[in-house]
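Trainee:
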């Protein structure tokens, strides 16, 4: 299931902002709530002190108290009641005070409703009255009950809460829009990168605007990786085009040779001996074409197996010396026909993680190539080096004419020939060294060629190896 990256980023940002806004709104409302109630309670406290200041010692009743009603200025809606320590009423009405309110007040604030009006009240228990000089009179104490309408404060709290929530919602909406715009602008390099990448043709042709020209540091590694991928795709297509072109040319040449031979036989003016020689040449050309097709199929199969190989695949192992001896035995007659000796200098045997058929084909191609380019009466040296390490080396050395230095970098390319006439004279398909290189690389080895014109050529192959006891 796919979704919009932009939508997911915006949703994630908004979720974080919503959480932060919820916490901020909650803390703000709590602060406003406490601030307004604190102001309200301070007002009650001030009015209670004002009431206490109007209480004086009774001149007629010992231990009693009086209230100066002439100077009293109680705001409308406020409720108060004053009694002495014995519970005798001094001022105000106690009708609004229930026994439950008395029990739970105890010097604290409490809430109640009077009619439809919410009130908040407070008690001041056993408060000492003050004389004219504001000195306490210890023997006279009173209890004061005072309440104020709380509807105005509650309305302020409700209004402040609505405003805070509304501001938070508007801020979230503005933030969502700003986030969407910012994410959209931030994703423009990615969108442009995808547009340019979409312009890459199946053959690896690059878009008009280079992919690597991105204006985002985060996309530079991806652009470089895609650039390298395009390079590899182009190189692969070029190799395939060159291979198909060369293969078509080789097959066309082989077919043309066979056709010309058959056309000569078709003239009907040849002797029996000439017919036999022509048929032999046709069979030879057909065999050469058959070997060419077989080599092409073998190379394709090896390269396909190399691409589809998994790292954890367990490879079979083959005896190094046994596969070399098998290749030498197969080519012994060919070398004898050219009066070329095959000298095998073998080190202690090891096992190579590879199929024995592929390994044998590798040695056949290298030794056959050396035989084809060796002069009559010379020898081809096949030597192994193991030295008990995890690698083994095989050296195939001839005393032929050598390869020009300008041709050495290309000798492993398909159908490459430093001598254009070699195929006809030696029967080579131009794929022998390409197959050898593919086999070596498939089995995690290396192959190199050293040559000096007029002195000969040496091919060095290095492969991973195990001691014979581990095979």
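Numbering (my numbering), first residue to last: 993 to 1463. C-beta: ideal position from N, C-alpha, C; glycine also. Because the structure is a prediction, the values reported are computed rather than measured.
Select from 1352, 1407, 1339 and 1226 the residue whose C-alpha is nearest the C-alpha of residue 1285.
Mentor: 1407
Trainee: Is residue 1424 helix, strand or coil by DSSP?
Mentor: helix
Trainee: May I ask you to report which of helix, strand or coil DSSP gives residue 1374?
Mentor: The DSSP-derived three-state label of residue 1374 is strand.
Trainee: Using the three-state DSSP reduction, which class does residue 1439 fall into: helix, strand or coil?
Mentor: strand
Trainee: Note the first and the last residue of the continuous beta strand (DSSP E) segment covering residue 1160.
Mentor: Note, residue 1160: premise wrong, no beta strand (DSSP E); alpha helix (DSSP H) at 1143-1178.
Trainee: Using only the alpha-carbon positions, how far apart do residue 1223 and residue 1216 sit?
Mentor: When rounded, the distance between both Cα atoms is 10 Å.
Trainee: May I ask you to list the residues that DSSP assigns as paired with residue 1311?
Mentor: The partner list for residue 1311 (beta bridge, DSSP) reads 1343.
Trainee: Helix, strand or coil, according to DSSP, for residue 1006 in the structure here?
Mentor: helix
Trainee: What are the boundary residues of the beta strand (DSSP E) that residue 1076 is part of?
Mentor: 1071-1076
Trainee: Taking 6 Å as the limit between beta carbons, can you name the residues of its chain near residue 1313, skipping five residues before and five after?
Mentor: 1338 and 1341
Trainee: When the Cα of residue 1329 is compared with those of 1368, 1345 and 1316, which residue comes out closest?
Mentor: The shortest C-alpha to C-alpha distance from residue 1329 to any of 1368, 1345 and 1316 is the one to 1368.
Trainee: What do you get for residue 1114, buried or exposed, if any count of 16 or more other CB atoms within 10 angstroms of its CB means buried?
Mentor: buried
Trainee: Taking the C-alpha atoms as reference points, what is the distance between residue 1280 and residue 1316?
Mentor: Roughly 25 Å between the two C-alpha positions.
Trainee: Can you name the residues that DSSP bridges to residue 1279?
Mentor: Looking at the DSSP assignment, residue 1279 forms no beta bridge with any residue, so it has no partner.
Trainee: Along the chain, where does the beta strand (DSSP E) containing residue 1337 start, and where does it finish?
Mentor: 1333-1337
Trainee: Let's test the definition: count the other Cβ atoms within 10 Å of the Cβ of residue 1023 and tell me whether it reaches 16, buried, or not, exposed.
Mentor: By the C-beta density criterion, residue 1023 is exposed, having fewer than 16 other C-beta atoms within 10 angstroms.
Trainee: For the alpha helix (DSSP H) that contains residue 1348, what are its first and last residues?
Mentor: 1348-1364
Trainee: When the Cα of residue 1138 is compared with those of 1390, 1038, 1267 and 1389, which residue comes out closest?
Mentor: 1038
Trainee: With respect to the beta strand (DSSP E) encompassing residue 1406, which residues constitute its N-terminal and C-terminal limits?
Mentor: It is not in any beta strand (DSSP E) - residue 1406 carries neither H nor E in the DSSP assignment.
Trainee: Using only alpha-carbon positions, find the residue among 1073, 1396 and 1119 that is nearest to residue 1446.
Mentor: 1396
Trainee: If you count every other CB in all the chains shown that lies within 10 Å of the CB of residue 1331, and 16 or more means buried, which is it?
Mentor: exposed
Trainee: Do you know offhand how far residue 1005's Cα is from residue 1185's?
Mentor: 24 Å
Trainee: Kindly indicate which residue of 1248, 1145 and 1012 has the alpha-carbon position closest to the one of residue 1027.
Mentor: Residue 1145 holds the alpha-carbon nearest to the alpha-carbon of residue 1027 among 1248, 1145 and 1012.
Trainee: Residue 1173 to residue 1220, Cα distance in whole Å?
Mentor: 33 Å
Trainee: Indicate the three-state DSSP secondary structure (helix, strand or coil) for residue 1183 in the structure shown.
Mentor: Helix.
Trainee: Taking Cβ to Cβ, would you say residue 1431 is nearer than 8 Å to residue 1249?
Mentor: no
Trainee: Assuming residue 1455 and residue 1437 make a contact with CB atoms under 8 Å, what is their CB distance in whole Å?
Mentor: With 8 Å as the limit, residue 1455 and residue 1437 qualify as a contact, their Cβ atoms being about 4 Å apart.
Trainee: Check residue 1367 in the structure and name its three-state DSSP category.
Mentor: In the structure shown, residue 1367 sits in coil (DSSP, three-state: anything other than H, G, I, E or B).
Trainee: Would the beta-carbon of residue 1389 fall within 8 Å of that of residue 1373?
Mentor: yes
Trainee: Note down the Cα distance separating residue 1264 from residue 1257, rounded to an integer number of angstroms.
Mentor: 10 Å
Trainee: Residue 1387 lies in the beta strand (DSSP E); which residues open and close that run?
Mentor: 1383-1389
Trainee: Looking only at its chain, what residues have a beta carbon closer than 8 Å to the beta carbon of residue 1100, apart from the 5 residues adjacent to it on each side?
Mentor: 1114 and 1115
Trainee: Taking Cβ to Cβ, would you say residue 1310 is nearer than 8 Å to residue 1346?
Mentor: yes
Trainee: Can you name the start and end residues of the beta strand (DSSP E) that residue 1452 belongs to?
Mentor: 1448-1456
Trainee: Taking buried to mean at least 16 other C-beta atoms within 10 Å of its own C-beta, is residue 1085 buried or exposed?
Mentor: exposed
Trainee: Please report how far the alpha carbon of residue 1416 lies from the alpha carbon of residue 1213, in whole angstroms.
Mentor: Residue placement at residue 1416 is poorly supported in this model, since its pLDDT is 42, which falls under 50; the coordinates still yield a value, given next. For residue 1416 and residue 1213, the gap between their C-alpha atoms comes out near 50 Å.
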